[in-house]
Amino acid sequence: MSTTRRLDPVLLLALPATLYIAIVYGLPLLFLMGRSLFGTGGLDSFVGFFADPFSWTVLANTLRSAALVTLVCLVIGYPTALVLARAGGFAQAAILVAIILPLSVGVVVKAFAWQIVLRRDGIVSQAMTGLGLWSEPQRLLFTEAGLVIGAANIFVPFMILPIYAVLKLVDPRLGEAAATLGASPIYRFLKVALPLSLPGIVTGVAFVFSMAASMYVIPSLVIGDRFQTLATLTGRSFLFMRNEQLGSTTAVVLLALTVAVVIASASLSRRLGGAQ
Amino acid sequence: MTPIEKIAGWVTALLATVTVAFLMTPLLVTVAVSFGSTAVFTLPAPSWSLRWYEALARSRDLWPAVFTSLQIAALSTAIALVLGTLCAIGLLRGNFRGREAVVTFLVSPLMLPGLVIGIAMLESFRAAGLRDVWASLILAHIVITLPYVVRTVFASLSLFDFTLIDAARTLGLTYPKAILKVLVPSLAPAFLTSGMFAFLASMDNYPISIFFTDAWTKTLPIQMLQYVEESPDPTIAAISTLLILLSIAVLAIGDRLVGLRRMADL
Chain A
1 MSTTRRLDPV LLLALPATLY IAIVYGLPLL FLMGRSLFGT GGLDSFVGFF ADPFSWTVLA
61 NTLRSAALVT LVCLVIGYPT ALVLARAGGF AQAAILVAII LPLSVGVVVK AFAWQIVLRR
121 DGIVSQAMTG LGLWSEPQRL LFTEAGLVIG AANIFVPFMI LPIYAVLKLV DPRLGEAAAT
181 LGASPIYRFL KVALPLSLPG IVTGVAFVFS MAASMYVIPS LVIGDRFQTL ATLTGRSFLF
241 MRNEQLGSTT AVVLLALTVA VVIASASLSR RLGGAQ
Chain B
1001 MTPIEKIAGW VTALLATVTV AFLMTPLLVT VAVSFGSTAV FTLPAPSWSL RWYEALARSR
1061 DLWPAVFTSL QIAALSTAIA LVLGTLCAIG LLRGNFRGRE AVVTFLVSPL MLPGLVIGIA
1121 MLESFRAAGL RDVWASLILA HIVITLPYVV RTVFASLSLF DFTLIDAART LGLTYPKAIL
1181 KVLVPSLAPA FLTSGMFAFL ASMDNYPISI FFTDAWTKTL PIQMLQYVEE SPDPTIAAIS
1241 TLLILLSIAV LAIGDRLVGL RRMADL
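Chains as they are written, first to last, in our numbering: chain A, 1 to 276; chain B, 1001 to 1266.
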């Protein structure tokens, strides 16, 4: 053979899809970045963007709400994944249905439902006053707490599933072995289950954080125009304000943020050496 | 069991129960509101009625959007299944070094902001002179559906033992027949799961579609959001309830064919 490394012709099968994604998705993203960095206005628009204090509010809103959503998802998602991996029968089926069914219902529908739930006369307010936790009915709609509740509700399956995928591979005998050797339950959890599930946590956190940083429909229905994030500002600049310069700038900032999260999580989970 | 272990177990179970209730809340609220009699969303409703279903039947905006979305989702999912499966086979069989990187690239549209992808595509399509709404929507939606197929079929295929095909051929099957009788059945669950989630993702996509729809052709999420913002009444809950019923039916079929647990492997 003249060539030392010949590529298998079966690789050609991968060509149509790869070319398609490269041309319809990869190139446009590169053009968008190139144009906003080197086009007219170019770097000046980034300088202008970062010189404006409003931009920092927007950036802070984006990062804070995404971090809070991720935290809520982790706190309620981890125990759920744990139960899902260990339980059988009815409990497992109930959790699986509760995860998969909402995934199949559109985000507009769910955001609309949260509009109803979070109103002053909504279920949350009624329950809290009924339990005596609130002295009078309160409105959570159009508040950041309401946004975090609604968004966490929509994204929590994406936290549960990767953690579950890792936890179900953990041999239950590991815990039993640790118990036989005299490890306390808390020590066992911290030293056995938690480290083994870290790759799942990293994947889930990266997924939820990047989705929460990019959400558009949920904030526009649940919190409104007063609260701007990078994604809502990008959408508004293009769809309503017709300010494509600003929109391209915020789009590229948002893109850089999410790409950084994806790359960081990929290298982190590779270092943790777990399943992908 | 020690007391601490018991308490930890109870707390975990409690949190999981709360999560299940939390996840089901928006669906239950939607169904309840759709059967209410008043236009304001009070729960529980003063009396029950089907008037919003009648309003839905008369709606002139929502049904065309339903059909547009169904057609675009079906077509883009079908194309993604073909392209994605070929791609997964090619990448797995043609062992080469950059394989993981290519898979990551092909799956990346799932993780990057839809709005940014939409804007980038809009500008490039415009530059290329493509203005047709249908063609743009189909082209864009294949980018939404393809990652699901590549990811799931690739994962499922990496567990497949390709020597089985050689075995089938030794036993006298032709190559295409061997593929059809051995490979296709073992990939069927992956097709079904990824096809279902790809279809749903296309049906539900807002941030990319918004850049390609116009006054005449709207996909369902775009029509629904417009409806919610302009005239919020429970008609939208009625159509949502029908979509939830459709999802339950699809899930029941999926459970029969594949099993819920395998569907969660996505």
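We treat Cβ as the ideally placed atom computed from N, Cα and C, and that holds for glycine.
- Task: Show which residues of chain B have a CB atom less than 9 Å away from the CB atom of Leu7 of chain A.
- Result: In the first sequence, residue 7 of chain A corresponds to position 7, counting from 1. The answer, in chain order, is Gly1094 and Phe1096.
- Contact list for Trp56 of chain A against chain B, beta-carbon separation under 8 Å: Translated into the one-based positions of the first sequence, residue 56 of chain A becomes position 56. What Trp56 of chain A touches in chain B: nothing, since even the nearest Cβ is about 20 Å away.
- Message: Contact defined as beta carbons within less than 8 Å: I believe Thr1219 of chain B pairs with Ser1069 of chain B. What is the distance between those atoms, to the nearest angstrom?
- Response: Taking the first residue of the second sequence as position 1, residue 1219 of chain B is located at position 219. Taking the first residue of the second sequence as position 1, residue 1069 of chain B is located at position 69. That pair is a contact at about 5 Å.
- Query: Should the segment 187-200 of chain A be regarded as contacting the segment 147-164 of chain A, the criterion being three or more beta carbon pairs within less than 8 Å?
  - Reply: These segments touch.
- Query: Does the distance from the C-beta atom of Ile1117 of chain B to that of Tyr25 of chain A stay below 9 Å?
  - Reply: Along the second sequence, read from residue 1 onward, the residue named residue 1117 of chain B stands at position 117. Along the first sequence, read from residue 1 onward, the residue named residue 25 of chain A stands at position 25. Ile1117 of chain B is a Cβ neighbour of Tyr25 of chain A, given a cutoff of 9 Å.
- Message: Counting only Cβ-Cβ distances shorter than 7 Å, please list the residues of the segment 1004-1029 of chain B near chain A, keeping chain order.
- Response: Of all residues in the segment 1004-1029 of chain B, Ile1004, Glu1005, Ala1008, Thr1012, Ala1013, Leu1015, Ala1016, Val1018, Thr1019, Val1020, Phe1022, Leu1023, Met1024, Thr1025, Pro1026, Leu1027 and Val1029 have a Cβ within less than 7 Å of some Cβ in chain A.
- Message: Given this structure, state the Cα-to-Cα distance separating Gly130 of chain A from Gly122 of chain A, to the nearest angstrom.
- Response: As a position in the first sequence, residue 130 of chain A is number 130, starting the count at 1. As a position in the first sequence, residue 122 of chain A is number 122, starting the count at 1. Approximately 12 Å, taken between the alpha carbons.
- Task: Could you confirm whether any beta carbon from chain B is found closer than 9 Å to the beta carbon of Ile95 of chain A?
- Result: On the first sequence, residue 95 of chain A is found 95 positions in, with the first residue counted as 1. Cβ-Cβ to chain B under 9 Å: yes for Ile95 of chain A.
- Item | Residues sharing a beta bridge with Trp1048 of chain B, DSSP | Translated into positions along the second sequence, residue 1048 of chain B becomes position 48. BP columns for Trp1048 of chain B point to B:Gly1036.
- Task: Helix, strand or coil for Phe1191 of chain B, going by three-state DSSP, please let me know.
- Result: Your numbering for residue 1191 of chain B matches position 191 in the second sequence. Phe1191 of chain B: helix per DSSP, three-state reduction.
- Task: Pull up the distance between the alpha-carbon of Asp1161 of chain B and that of Ala1101 of chain B, whole angstroms please.
- Result: The count along the second sequence starts at 1 and reaches residue 1161 of chain B at position 161. The count along the second sequence starts at 1 and reaches residue 1101 of chain B at position 101. Rounded to the nearest whole angstrom, the C-alpha separation of Asp1161 of chain B and Ala1101 of chain B is 23 Å.
- Spatial neighbours of Thr1152 of chain B in its chain, beta-carbon cut-off 7 Å, leaving aside the 5 residues before and after: What you label residue 1152 of chain B is simply residue 152 of the second sequence in a count that begins at 1. Taken in chain order, the residues that qualify are Ala1190, Thr1193, Ser1194 and Leu1266.
- Message: So if I threshold CB-CB distances at 7 Å, which residues from the segment 1164-1192 of chain B count as touching chain A?
- Response: Interface annotation for the segment 1164-1192 of chain B against chain A: empty, criterion Cβ-Cβ distance under 7 Å.
- Task: For Ile1119 of chain B, count neighbouring C-beta atoms within 10 Å of its own C-beta (all shown protein chains included) and say buried if the count is 16 or more, exposed if not.
- Result: As a first step, residue 1119 of chain B must be located in the second sequence, where it is residue number 119. Buried, since its Cβ has 16 or more Cβ neighbours within 10 Å.
- Message: Less than 8 Å between C-beta atoms, sequence neighbours within five positions excluded: which residues of the same chain meet that for Thr3 of chain A?
- Response: Numbered from its first residue, the first sequence carries residue 3 of chain A at position 3. Legend: pLDDT at Thr3 of chain A = 45, less than 50; position of this residue unreliable, no value from coordinates given.
- Top-ranked residue by Cα proximity to Asn1205 of chain B, from B:Val1029, B:Ala1073 and B:Asp1214: Translated into positions along the second sequence, residue 1205 of chain B becomes position 205. From the listed residues B:Val1029, B:Ala1073 and B:Asp1214, the smallest Cα separation to Asn1205 of chain B is found for B:Ala1073.
- Task: Give a yes or no on whether the minimum CB-CB distance between Ile163 of chain A and chain B is below 9 Å.
- Result: Position 163 of the first sequence, counted from the start, is the residue given in the question as residue 163 of chain A. No - not a single Cβ of chain B is within 9 Å of the one on Ile163 of chain A.
- Message: Taking a contact to mean a Cβ-Cβ separation below 9 Å, would you say Leu1243 of chain B touches Leu1056 of chain B in this structure?
- Response: As a working note, residue 1243 of chain B is residue 243 in the second sequence. As a working note, residue 1056 of chain B is residue 56 in the second sequence. With contacts defined as CB atoms closer than 9 Å, Leu1243 of chain B and Leu1056 of chain B fail to qualify as a contacting pair.
- Item | Proximity test, Cβ basis, 9 Å: Trp114 of chain A and chain B | Numbered from its first residue, the first sequence carries residue 114 of chain A at position 114. By this cut-off, Trp114 of chain A is an interface position.
- Among B:Ser1209, B:Leu1157, B:Trp1134 and B:Leu1200, which one has its Cα closest to the Cα of Ser1186 of chain B? Taking the first residue of the second sequence as position 1, residue 1186 of chain B is located at position 186. Ranking the options by Cα distance to Ser1186 of chain B, first place goes to B:Leu1157.
- Query: Looking at the structure shown, is Ile223 of chain A part of a helix, part of a strand, or coil, going by DSSP?
  - Reply: Taking the first residue of the first sequence as position 1, residue 223 of chain A is located at position 223. Per DSSP, reduced to three states, the secondary structure at Ile223 of chain A is coil, with no helix or strand assignment.
- Measure how close the beta-carbons of Val261 of chain A and Phe227 of chain A come, nearest whole angstrom, since I'm counting them as under 8 Å. For the purposes of this step, residue 261 of chain A is taken as residue 261 along the first sequence, with counting starting at 1. For the purposes of this step, residue 227 of chain A is taken as residue 227 along the first sequence, with counting starting at 1. Contact flag wrong, Cβ pair sits at about 21 Å.
- Please determine, among A:Gly247, A:Ser237, A:Val109 and A:Arg270, the residue with the shortest C-alpha to C-alpha distance to Gln1226 of chain B. Mapped onto the second sequence, residue 1226 of chain B falls at position 226. The shortest Cα separation from Gln1226 of chain B among A:Gly247, A:Ser237, A:Val109 and A:Arg270 belongs to A:Val109.
- Message: For the segment 73-92 of chain A against the segment 163-176 of chain A, do three or more pairs of beta-carbon atoms, one drawn from each stretch, fall closer than 8 Å, so that the two count as touching?
- Response: Verdict: yes, contact present.
- Task: Tell me whether Val1018 of chain B is buried or exposed, calling it buried when 16 or more other Cβ atoms sit within 10 Å of its Cβ.
- Result: Numbered from 1 along the second sequence, position 18 holds the residue referred to as residue 1018 of chain B. Label assigned to Val1018 of chain B: exposed.
- Message: Does any residue of chain A have a CB that is nearer than 9 Å to the CB of Pro1046 of chain B?
- Response: As a first step, residue 1046 of chain B is located in the second sequence; it is residue number 46 there, counting from the start. At a cut-off of 9 Å, the C-beta of Pro1046 of chain B has no neighbouring C-beta in chain A.
- Tell whether a beta-carbon distance below 9 Å holds between Gly1114 of chain B and Ile1222 of chain B. Your numbering for residue 1114 of chain B matches position 114 in the second sequence. Your numbering for residue 1222 of chain B matches position 222 in the second sequence. Their beta carbons are not under 9 Å apart, which means Gly1114 of chain B does not touch Ile1222 of chain B by this criterion.
- Task: Name the two residues that bound the continuous alpha helix (DSSP H) containing Asp1265 of chain B.
- Result: In the second sequence, residue 1265 of chain B corresponds to position 265, counting from 1. Unbroken run through Asp1265 of chain B: none, as it is neither H nor E.
- Task: Taking Ile1244 of chain B as the query, report the chain A residues whose CB atoms sit under 7 Å from its CB, ordered along the chain.
- Result: The sequence position of residue 1244 of chain B within the second sequence is 244, counting from 1. Neighbours of Ile1244 of chain B on chain A, chain order: Val105.
- Message: Quick check on Gln228 of chain A: does DSSP put it in helix, strand or coil?
- Response: The residue labelled residue 228 of chain A in the question sits at position 228 within the first sequence. Gln228 of chain A falls in the coil class under three-state DSSP.
- Query: Leaving out five residues before and five after Pro102 of chain A in sequence, what residues of the same chain have Cβ atoms less than 6 Å from its Cβ?
  - Reply: Position 102 of the first sequence, counting from 1, holds the residue named residue 102 of chain A. The beta carbon of Pro102 of chain A sits closer than 6 Å to no other beta carbon from its chain once the five residues preceding and following it are set aside.
- Query: If you drop the 5 nearest sequence neighbours on each side, which residues of the same chain put their C-beta closer than 6 Å to that of Ile223 of chain A?
  - Reply: Within the first sequence, numbered from 1, the residue matching residue 223 of chain A stands at position 223. Apart from sequence neighbours up to five positions away, the residues of its chain that approach Ile223 of chain A with a beta-carbon distance below 6 Å are Phe142 and Leu147, ordered along the chain.
- Query: Does the beta carbon of Ala1140 of chain B sit closer than 9 Å to a beta carbon anywhere in chain A?
  - Reply: In the second sequence, the residue the question calls residue 1140 of chain B occupies position 140. At a cut-off of 9 Å between C-beta atoms, Ala1140 of chain B counts as an interface residue with respect to chain A.
- Query: Which residues in the same chain as Tyr1053 of chain B place their Cβ atom closer than 7 Å to its Cβ, once the five residues preceding and following it in sequence are excluded?
  - Reply: Residue numbering aside, residue 1053 of chain B sits at position 53 when the second sequence is read from its first letter. Excluding residues up to 5 positions away in sequence, Ala1238 lie with their Cβ nearer than 7 Å to the Cβ of Tyr1053 of chain B in the same chain.
- Counting Cβ pairs closer than 8 Å, one from the segment 1210-1219 of chain B and one from the segment 1019-1032 of chain B, do we hit at least three? Contact fails: fewer than three Cβ-Cβ distances are below 8 Å.
- Does DSSP classify Thr143 of chain A as helix, strand or coil? Reading the first sequence from its first residue, position 143 is the one you call residue 143 of chain A. Thr143 of chain A sits in coil when the DSSP states are folded into three classes, being neither helix nor strand.
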